[in-house]
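Asks: The structure follows.
There are 2 protein chains.
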Amino acid sequence: MTYETRSLAESAPAGTDRTEAAPAGADFLQLNIGDAPAGGRSDWLAQHLRLAIADGRLPVGSRLPATRVLAGELRVSRGVITEAYQRLSEDGHVAGHGRNGTVVVAAPVTALPDTPADPPPPPPSTLFTAPPDTDVFDSLRAAPARIDLSPGVPDLAAFPRAAWLRAERTVLKELSASALGYGDPRGAPALRVAVADWLARTRGIRADPGDIVIVAGTAQTITLLGQILRGDGIRTMAVEDPGSLGARHHLHNAGLDTPPVPVDADGIRVDELRATGAPAVLLTPAHQFPTGVVLGGERRRELMRWATERDGLIVEDDYDAEHRYDRAPVPALRSLLAEHVCYAGSVSKLLAPALRIGWVLAPPKYRDALVAAKRYADLGNATLPQLVLAQLMESGALERQLRLLRGRHRRHRDAMITAIKAHLPHAVVHGAAAGLHLTITFDAGFHDTDLAAAALARGVKVQPLSWHRRRAHRPGLVLGYAAPTATDIAEGIATLGDVLRRLP
Amino acid sequence: MTYETRSLAESAPAGTDRTEAAPAGADFLQLNIGDAPAGGRSDWLAQHLRLAIADGRLPVGSRLPATRVLAGELRVSRGVITEAYQRLSEDGHVAGHGRNGTVVVAAPVTALPDTPADPPPPPPSTLFTAPPDTDVFDSLRAAPARIDLSPGVPDLAAFPRAAWLRAERTVLKELSASALGYGDPRGAPALRVAVADWLARTRGIRADPGDIVIVAGTAQTITLLGQILRGDGIRTMAVEDPGSLGARHHLHNAGLDTPPVPVDADGIRVDELRATGAPAVLLTPAHQFPTGVVLGGERRRELMRWATERDGLIVEDDYDAEHRYDRAPVPALRSLLAEHVCYAGSVSKLLAPALRIGWVLAPPKYRDALVAAKRYADLGNATLPQLVLAQLMESGALERQLRLLRGRHRRHRDAMITAIKAHLPHAVVHGAAAGLHLTITFDAGFHDTDLAAAALARGVKVQPLSWHRRRAHRPGLVLGYAAPTATDIAEGIATLGDVLRRLP
């Protein structure tokens, strides 16, 4: 996505507006060039555009006015505009796209100046006041912020770009032409073998590669499984409380009710699960989301009894089990009771969510239905990335990446805990021995949605614990520490502390 | 996937069998080493294994016995076995996978010897006698064959591996870390802009990039759309007859009835469509599958009237419109009536089905529902391949690829027509001016499924026309010419001629 000056000259021909949220040609951003310092007009313009991208006035996907048009409006030479656009392009905020002009492609992640000319407006007021439905969840994800402490992603700056490219070169060199055709809906045989090895090595699961289905992440697993279960007459899947809001959205969309089951210091309360009467349950036993609790030994045995006696189904979402800092992860439930456990893993927390690669081990009775559901969903995952991943798994590169990530994440976590001690001294930290996030709770009477809203207005994105919790509870936040830098973490937590002190 | 001798030593430890269709350790393939010529035992064994892979006794995904075990059973030195496996590995038929032993990864595509020691058995007898349901369709796709004349794939040997790798390098170099997180379920903005440009340039469609949804191919489009239509109370989508069997399978799975509407020399009979009362229809107007007919001008106007008067929905499957040899493709229906047309395209016929990338332009009233359906399906396509494709589109590499493909496909088509004239002189050829396949029909009284079955028994894979047609019709075949070489095409058609002469 290099920036081409050429494209500017061609942008925005009259009458061909095809922008998503088109900034008006007239009075664009209410800029007053008289405010710009002499000799610094390009800088001044670039900075105003960055702010407008950051606060959402210029959303991702919108198009900047043609240089010719904006130069005319501001009464400056076209070179001033071109130079400002060029800076934004070098930042990675905009890209030139041939006849389509210059388009906003990314919101800034660097710190904004302390005293912007126009302070960004607060986020849409419904974001933390409405029920957290899918739209609200997506809006938070899309909302611009200086510092993003959302949970759920690993350190994306550590993605092994060079190793990925090397493996892709090998794959493209060795691939047969026929492998570029329609493939097995279960996924590439080489990746299923590599995943079987990986699960044996890291999660204690013995699986036949023929039983593994490669999917587009755990979101797809839940959707496919929901279809299968409805076909089998199952309309209820219990979930942990607190538990992932996103997973709950997916289950509801699949037509399943989700009675909540409390989680205590040993994990899900199996007696309460039994009391719901639900025939299925979605669990995060290795590192409960968001509390970080590990399912205890007696609780595991109790759960096994529940599944066996009731012919119950356990969906094991093993989302970040590999990321432990204190000891080896506990074995997967699947390794104990294959008949009753549908195991779901992915590379979203190991490499990157953008890869959209995961795997499922269905219980034998749902195996064929899962393959059929995956076939009808999309005929199987794309082949090249599967083969690249298989290379990374078989060569040991993925294990090296995991070791590297563990070190980085631990340092990020330590930075977050240090900052919490300094700036949020009354917060209680939960589940910090593993994973990519921690949870803090407060023994106080405010709404955590108000805290999250006020933080976002100050450019810091966090998720309120209440989004992930349905019973009455203390206010809290779920804080991801993997993706931001240690500096961002410290600054973000300091901002939270300041915001909390000013809460009414 | 290089072959490692090391892995053999570790393969198949006792009691850890995890093969998909495990060849028995005892009496493996009923080999009798006494038949092998002295000094040629490795060759003899390798040849027998190739045959077993070709005829399905050793399916893709199955594991070969450990060298130690097989050497013991055949009473030869282990070096004989290792050498035979090594040859198969060099062929690309098997690969060593660490602790998992040696696994069959591809069936042979080279010609088999004329007089194999054991002639391969005929294909499963149900393949062309049972109704062509999904399992049968998949079985044919998976069935080994010397020469594959199935329709539906471009020349995969022409896939631009070097250009793909170069573009991937650029993408990995320029990508922001945050782009590796969860993205817009509609797809990467850069690709949506590139597709909008592509559609404007090649298909006469003006589309806002914000309205384009990137999907995992047209199979996913049909499944997502089926969900949306059912939610809107629509349970019927008329289809062309003849028309794609695979599309029909997907529509049925999505819960839609598919009344057939006859196709004549001008395309679908709109009067007959009207008579079905169906509120929606799936069409291939630019190059009807499988007849190759182009929807005529008057028929297009009639169809527009139908859609407007009835508030009908047209799903335009534009699967191979770019592949015309005689003239520019006709504009897409979407370019005429965006309100009533859901446009579906993909790179499956431009680059490779294995990429699983396509795009949809929904009518405005279904736009938001489509985005939601895609979100719940898989949170959006994988990002890296989207950005690579965007590079190839914006740089002109995809257009160069298309020009290259057109030349290659035309030569393949000419080779097929020449061979048909020579070996099937009574066949009538349909729809040869465009696309990746042609259809032949016979003015005779046999069943085309019998012809396809007999051809497969001789190692040549074709699809009977009756699979794609529901009303009474003459026997015929649908023959893909894009993927096989000109030599394979000539040999395959010659075999068909021979098979036809011997039909009872």
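Top to bottom, those sequences are chains V and B. The numbers in the first sequence follow our numbering, run straight up by one, and end at 508. The numbers in the second sequence follow our numbering, run straight up by one, and end at 508. Note that the Cβ used here is the ideal one computed from N, Cα and C, for glycine as well.
Are T206(B) and Q395(B) touching if we call contact CB-CB under 8 Å?
Replies: Sequence index remark: in the second sequence, residue 206(B) carries index 202 (1-based). Sequence index remark: in the second sequence, residue 395(B) carries index 391 (1-based). Taking 8 Å as the Cβ cut-off, T206(B) and Q395(B) do not qualify as a contacting pair.
Asks: How many angstroms separate the CA atom of R328(V) from the CA atom of D39(V)?
Replies: Within the first sequence, residue 328(V) is the residue found at index 324, counting from 1. Within the first sequence, residue 39(V) is the residue found at index 35, counting from 1. Using only the alpha carbons, I get a separation of about 53 Å.
Asks: Please work out which residues of its chain come closer than 6 Å, Cβ to Cβ, to G496(V), disregarding the five sequence neighbours upstream and downstream, and give them in chain order.
Replies: Counting from one through the first sequence, the residue named residue 496(V) turns up at place 492. Closer than 6 Å at Cβ, skipping near neighbours: I151, L153 and V464.
Asks: Quick check: the Cα distance between R273(V) and L365(V), rounded to an integer number of angstroms?
Replies: Locating residue 273(V) in the first sequence gives position 269, counting from the first residue. Locating residue 365(V) in the first sequence gives position 361, counting from the first residue. Roughly 25 Å separates the two Cα atoms.
Asks: Over what stretch of residues does the beta strand (DSSP E) that includes A171(B) continue unbroken?
Replies: Along the second sequence, read from residue 1 onward, the residue named residue 171(B) stands at position 167. Note, A171(B): premise wrong, no beta strand (DSSP E); alpha helix (DSSP H) at R165 to E178.
Asks: Taking Cβ positions only, does L169(V) come closer than 8 Å to chain B?
Replies: The sequence position of residue 169(V) within the first sequence is 165, counting from 1. For L169(V), the answer is yes, since a Cβ of chain B falls inside 8 Å of its Cβ.
Asks: Which residues, in chain order, does the region 238-264 of chain V contribute to contact with chain B at a C-beta distance below 7 Å?
Replies: Those residues of the region 238-264 of chain V that come within reach of chain B (Cβ to Cβ, closer than 7 Å) are H254 and N257.
Asks: Along chain B, which residues have their Cβ under 8 Å away from the Cβ of S470(V)?
Replies: The residue labelled residue 470(V) in the question sits at position 466 within the first sequence. None at all; the shortest Cβ gap to chain B is about 21 Å.
Asks: So, is S248(B) buried or exposed, given that buried needs 16 or more other C-beta atoms within 10 angstroms?
Replies: As a position in the second sequence, residue 248(B) is number 244, starting the count at 1. Classification of S248(B): buried, given that the 10 Å Cβ count is 16 or more.
Asks: Distance check for V98(B) and A26(B), CA to CA, integer angstroms please.
Replies: Here residue 26(B) refers to the residue found at position 22 of the second sequence. Here residue 98(B) refers to the residue found at position 94 of the second sequence. Residue placement at A26(B) is poorly supported in this model, since its pLDDT is 32, which falls under 50; the coordinates still yield a value, given next. Their Cα atoms are separated by approximately 15 Å.
Asks: Tell me, please, which residues DSSP counts as bridged to P283(V).
Replies: Numbered from 1 along the first sequence, position 279 holds the residue referred to as residue 283(V). Answer is none; P283(V) lacks a bridge partner.
Asks: If we cut at 8 Å on Cβ distances, does F163(B) have a partner in chain V?
Replies: On the second sequence, position 159 is the one that residue 163(B) refers to. Output row for F163(B): interface = yes.
Asks: Within 10 angstroms of the Cβ of P429(V), are there 16 or more other Cβ atoms? Answer buried if so, exposed if not.
Replies: Here the question's residue 429(V) lines up with position 425 in the first sequence. Result: exposed.
Asks: Buried or exposed, going by whether 16 or more other CB atoms sit within 10 Å of the CB of G259(B)?
Replies: For the purposes of this step, residue 259(B) is taken as the residue at position 255 of the second sequence. Per the 10 Å Cβ criterion, exposed.
Asks: Residues of chain V with CB under 7 Å from G187(B), in chain order?
Replies: Within the second sequence, numbered from 1, the residue matching residue 187(B) stands at position 183. Those within 7 Å of G187(B) in chain V are A358.
Asks: Going by other Cβ atoms of all chains shown within 10 Å of its Cβ, with 16 needed for buried, is D516(B) buried or exposed?
Replies: Because chain B spans 5 through 508 in this model, residue 516(B) falls outside it and cannot be assessed.
Asks: Would you verify that the beta carbon of L277(V) is, or is not, closer than 8 Å to some beta carbon of chain B?
Replies: What you label residue 277(V) is simply residue 273 of the first sequence in a count that begins at 1. No, its Cβ sits nowhere closer than 8 Å to a Cβ of chain B.
Asks: If H344(V) and I318(V) are in contact, beta carbons under 8 Å, what's the gap, nearest whole angstrom?
Replies: The count along the first sequence starts at 1 and reaches residue 344(V) at position 340. The count along the first sequence starts at 1 and reaches residue 318(V) at position 314. The Cβ separation is near 6 Å, so the contact holds.
Asks: Please list the terminal residues of the continuous alpha helix (DSSP H) segment that includes A401(B).
Replies: Translated into the one-based positions of the second sequence, residue 401(B) becomes position 397. Looking at the DSSP string, the run of the alpha helix (DSSP H) that includes A401(B) is A401 to H427.
Asks: Could you pull the DSSP bridge partners for R150(B) from this structure?
Replies: Here the question's residue 150(B) lines up with position 146 in the second sequence. The partner list for R150(B) (beta bridge, DSSP) is empty, contrary to what the question assumes.
Asks: Spell out whether any CB of chain V is found under 8 Å from the CB atom of P126(B).
Replies: Taking the first residue of the second sequence as position 1, residue 126(B) is located at position 122. In this prediction, P126(B) has a pLDDT of 45, which is less than 50 and means its spatial position is unreliable; what the coordinates show is noted afterwards. So, not an interface residue.
Asks: In angstroms, rounded to a whole number, what distance separates the CA positions of Y380(B) and H254(V)?
Replies: Here residue 380(B) refers to the residue found at position 376 when the second sequence is read from its first residue. Here residue 254(V) refers to the residue found at position 250 when the first sequence is read from its first residue. CA-to-CA, the gap between Y380(B) and H254(V) works out to about 6 Å.
Asks: Out of curiosity, what's the CA-to-CA distance linking D322(V) and P213(V)?
Replies: Mapped onto the first sequence, residue 322(V) falls at position 318. Mapped onto the first sequence, residue 213(V) falls at position 209. Their Cα atoms are separated by approximately 18 Å.
Asks: Does chain V have any CB closer than 8 Å to the CB of Y380(B)?
Replies: Reading the second sequence from its first residue, position 376 is the one you call residue 380(B). Chain V, which has a Cβ nearer than 8 Å to the Cβ of Y380(B), makes this yes.
Asks: Relative to chain V, which residues along the region 138-158 of chain B have a C-beta separation below 7 Å, given in chain order?
Replies: Those residues of the region 138-158 of chain B that come within reach of chain V (Cβ to Cβ, closer than 7 Å) are R145 and V157.
Asks: By Cβ distance below 6 Å, which residues in the same chain neighbour H434(V) in space, the five residues on each side in sequence not counted?
Replies: Your numbering for residue 434(V) matches position 430 in the first sequence. T295, G296 and T443.
Asks: Would you list, in chain order, the members of the region 392-403 of chain V that have their beta-carbon closer than 7 Å to a beta-carbon of chain B?
Replies: E398
Asks: Which one or two residues does DSSP pair with P347(V) in a beta bridge?
Replies: For the purposes of this step, residue 347(V) is taken as residue 343 along the first sequence, with counting starting at 1. The sequence as given places Tyr at residue 347(V); Pro does not occur at that position. DSSP output for Y347(V) lists E320(V) and L365(V) as bridge partner(s).
Asks: What is the residue span of the alpha helix (DSSP H) that P193(B) lies within?
Replies: Locating residue 193(B) in the second sequence gives position 189, counting from the first residue. P193 to R207 is the span of the alpha helix (DSSP H), which, as asked, contains P193(B).
Asks: Check whether chain B comes within 8 Å of R173(V), counting only Cβ atoms and requiring the distance to be less than that.
Replies: One-based indexing of the first sequence puts residue 173(V) at position 169. Yes, R173(V) lies at the interface with chain B (some Cβ there is under 8 Å from its Cβ).
Asks: Listed from N- to C-terminal order along the chain, which residues in the region 66-95 of chain V have their beta-carbon within a distance smaller than 8 Å of any beta-carbon of chain B?
Replies: none
Asks: Taking the straight line between their C-alpha atoms, what separation do you get for A386(B) and R278(V)?
Replies: Indexing the second sequence from 1 puts residue 386(B) at position 382. Indexing the first sequence from 1 puts residue 278(V) at position 274. Rounded to whole angstroms, A386(B) to R278(V) spans 39 Å at the Cα level.
Asks: Are F450(B) and A431(B) close, meaning C-beta to C-beta below 8 Å?
Replies: For the purposes of this step, residue 450(B) is taken as residue 446 along the second sequence, with counting starting at 1. For the purposes of this step, residue 431(B) is taken as residue 427 along the second sequence, with counting starting at 1. Not closer than 8 Å, so no.
Asks: Can you tell me whether T133(V) is buried or exposed, with buried defined as 16 or more other CB within 10 angstroms of its CB?
Replies: Taking the first residue of the first sequence as 1, we reach residue 133(V) at position 129. Exposed, since its Cβ has fewer than 16 Cβ neighbours within 10 Å.
Asks: Which residues in the same chain as A192(B) place their Cβ atom closer than 6 Å to its Cβ, once the five residues preceding and following it in sequence are excluded?
Replies: Within the second sequence, the letter at position 188 stands for residue 192(B). Residues T387, Q390 and L391 of the same chain have their beta carbon placed closer than 6 Å to that of A192(B), with the five preceding and five following residues left out of the count.
Asks: My output table needs one value for R234(B): the three-state DSSP class, helix, strand or coil.
Replies: Taking the first residue of the second sequence as position 1, residue 234(B) is located at position 230. Note: R234(B) maps to helix in three-state DSSP.
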